[in-house]
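Data first, discussion second: the structure below is written as structure tokens.
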Amino acid sequence: MNLFNDTTTVDMTKLYPNYKPVPFDNTYVLYDPQDPLSLICVHLSLLPIYIMIFYTSWFLITREIEPVIIVGGHLCNEIANKIVKRLFKHPRPEFHKDFGIGSYSLTYGMPSAHSQFMAFFAAYFICIVMFKVDHLSMIGKLGGCGVLVLAMVSVAFSRVYLLYHTIPQVAVGIMIGFVLGLGFFVVSSMAREQPNQLKHYLTG
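Be aware that the sequence shown starts at 1, since it is given in full-length UniProt numbering, and climbs by one per residue.
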């Protein structure tokens, strides 16, 4: 028997009656190949993954602790998203109402995880640009903040355009993510300042 030419298929539902696979979160995107804007929206929807790849590369190349701290914040943000989804249990738009059945993070659309991720990212780095970057002029800082806001809004738009979320769902995601991003910046900044303040106190 040639195993390589064996075309026999196995019905997983018979072997495992409870086998109900769902697409991996954040990577499964349906779009209209005839619509150029739809393809652009796919890549906008994948922007959170591109950002996570950037964080990983940043850490591997520089060995700095900063990307680890930021990813920790994103993890807290993601946990908050899943908790709120369980509380609201708000369905996705009709076109994707059966998307990810069996998974709270995929089945429900309130709040949008992509929008919340990007809002956290935008809020945190807006604070970095405004309060930690000294070599930029105010115009440069405002320009950087504008790019971050544009990225956040573009991802939110893509989720609505691709029919994965409603406008209220992405709006709530943006609000939660932005608040958590600001809060995480404040907390992480205070945590970093404490050792310096203690050292200053001990050395007089």
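Note that the Cβ used here is the ideal one computed from N, Cα and C, for glycine as well.
Just so it is clear, the structure is predicted and the values come from calculations on it, not from any experiment.
Same chain, Cβ closer than 7 Å to residue i, five either side skipped, listed in chain order
i, result
"Thr7", "Caution applies to Thr7, whose pLDDT of 49 falls short of 50 and renders its modelled position unreliable; the value that the coordinates give is listed next. Hits under 7 Å: none found."
"Asn59", "Here residue 59 is Phe; the residue named in the question, Asn, does not match the sequence. Taken in chain order, the residues that qualify are Pro67 and Val68."
"Leu182", "Ala123 and Cys127"
Spatial neighbours of residue i in its chain, beta-carbon cut-off 8 Å, leaving aside the 5 residues before and after
i, result
"Ser38", "Tyr31, Asp32, Tyr161 and Leu162"
"Ile139", "none"
"Pro168", "Met110"
"Arg129", "The question names Arg, but residue 129 in the sequence shown is Val. Cβ within range, chain order: Leu136, Lys141, Gly144, Cys145 and Leu148."
"Ser188", "Ile69 and Gly73"
Collapsed DSSP secondary structure at residue i in the structure displayed
i, result
"Pro36", "helix"
"Val187", "helix"
Span separating the alpha-carbon of residue i from that of residue j
i, j, result
"Ile70", "Ala122", "12 Å"
"Tyr55", "Pro93", "32 Å"
"Tyr124", "Tyr164", "25 Å"
"residue 208", "Val153", "With the chain running from 1 to 204 in the structure shown, residue 208 is simply not present."
"Phe184", "Pro67", "13 Å"
"Asp134", "Gln34", "46 Å"
"Val186", "Cys127", "9 Å"
"Gly143", "Phe117", "21 Å"
"Ile176", "Glu64", "28 Å"
"Thr62", "Leu148", "23 Å"
"Val172", "Ser57", "30 Å"
"residue 213", "Cys145", "Given that the chain is displayed from residue 1 to residue 204, the structure contains no residue 213 and the question cannot be resolved."
"Phe80", "His90", "For the sequence presented, residue 80 should be read as Ala rather than Phe. Cα to Cα, the separation comes out at about 15 Å."
"Gly73", "Thr166", "26 Å"
"Lys132", "Met52", "22 Å"
"Glu193", "Glu78", "26 Å"
Selected residue, minimal CA-CA separation from residue i, among the options
i, options, result
"Leu87", "Pro111, Phe178 and Leu182", "Pro111"
"Phe120", "Pro91, Lys85, Val170 and Val42", "Val170"
"Cys76", "Leu180, Met175 and Val187", "Leu180"
"Pro36", "Ser158, Leu182 and Thr166", "Ser158"
"Lys85", "Ser137, Glu193, Tyr108 and Gly73", "Tyr108"
"Lys82", "His114, Ile53, Met52 and Ile51", "His114"
"Leu150", "Phe131, Ile174, Lys132 and Val29", "Ile174"
Cβ-based neighbour list, residue i, same chain, cut-off 6 Å, excluding 5 preceding and 5 following
i, result
"Leu47", "Val155"
"Phe24", "For Phe24, the predicted structure reports a pLDDT of 47, less than 50, and the residue's modelled location is therefore unreliable. A value from the coordinates is still provided. Answer for Phe24: no residue qualifies."
"Phe178", "Ala119 and Ala123"
"Cys41", "Ser158, Tyr161 and Leu162"
"Val29", "Val42 and Ser45"
Contact with chain D by residue i, beta-carbon distance below 8 Å
i, result
"Leu180", "This model lacks chain D altogether; it includes just one protein chain."
Threshold first: 4 residues or longer. Then list the alpha helix (DSSP H) segments lying entirely within the stretch 106–182, N to C. 113–131 and 138–161
Runs of beta strand (DSSP E) lying entirely within the stretch 32–81, each at least 3 residues, in chain order: none
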